[in-house]
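S.K.: Take a look at the following structure, please.
Numbering (my numbering), first residue to last: 4 to 222.
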């Protein structure tokens, strides 16, 4: 079984569809970051393992989920829990890692409709991705929230960011470690009704994400 880490903060409305779409052989771990909308109960009812992550932040949730993943399988995936990605994409991302053809496979978001990805968020992502390409030579165009890697290798990178800078720190650390990184197109849908982005959905979230990523780039 391949574990799938789902960082979560108040995504109850998205979870039934998301968990029902989980492919055979992929086991969801909901890394709950303090939800107050019943996300943990919804996830358990739909067969997910739930771990509670008291430290707030995307990176904190992902890190805890990766540590909780089964080391015996080898591969771990990460997927946002807001319904913006179809879990059916996961075997395609995990495949090259499992076959030894890549160390990290990231999804490149291809918006499925104009509401899927706000223009300001898309522009900011493109600017950061370009800086990563120039600094590392990695062939990436997206600071992706959907990815697959070997669990033990990911832990060994010793990533420290526990907020929005985590995906960026991962790419920079992977480049330093000489990882083979691939990027595959994935459909990016509007998030599920009844959920809200913690980054682009608020001014505070957007400012925090920019601050976190600047801090990572400055290291």
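Here a beta-carbon is modelled for each residue, glycine too, at the ideal position from N, C-alpha and C.
Within 10 angstroms of the Cβ of residue 55, are there 16 or more other Cβ atoms? Answer buried if so, exposed if not.
M.R.: The residue is exposed, with fewer than 16 neighbouring Cβ atoms inside 10 Å.
S.K.: Which residue spans inside the segment 77 to 128 form an unbroken alpha helix (DSSP H) run of at least 4?
M.R.: Segments of the alpha helix (DSSP H) lying fully in the segment 77 to 128: 93 to 101.
S.K.: How is residue 170 classed by DSSP in three states: helix, strand or coil?
M.R.: Residue state, collapsed to three classes: helix.
S.K.: What does residue 57 pair with, by DSSP beta-bridge criteria?
M.R.: Partner(s): none; residue 57 has no beta bridge.
S.K.: Taking the CB atoms as reference points, tell me whether residue 96 and residue 139 lie closer together than 8 angstroms.
M.R.: Against a cut-off of 8 angstroms, the Cβ pair of residue 139 and residue 96 comes out as no contact.
S.K.: Assuming residue 72 contacts residue 106 under a Cβ cut-off of 8 angstroms, what Cβ separation, rounded to an integer in Å, is found between them?
M.R.: About 16 angstroms separates the two Cβ atoms, so there is no contact after all.
S.K.: Does DSSP put residue 30 in a helix, a strand or coil?
M.R.: Residue 30: strand per DSSP, three-state reduction.
S.K.: Measuring only the C-alpha atoms, how far is residue 153 from residue 111?
M.R.: Whole-angstrom Cα-Cα distance: 19 angstroms.
S.K.: Would DSSP call residue 189 helix, strand or coil?
M.R.: Strand at residue 189.
S.K.: By the 10 Å Cβ neighbour count, where 16 or more other Cβ atoms means buried, how is residue 66 classified, buried or exposed?
M.R.: Result: buried.
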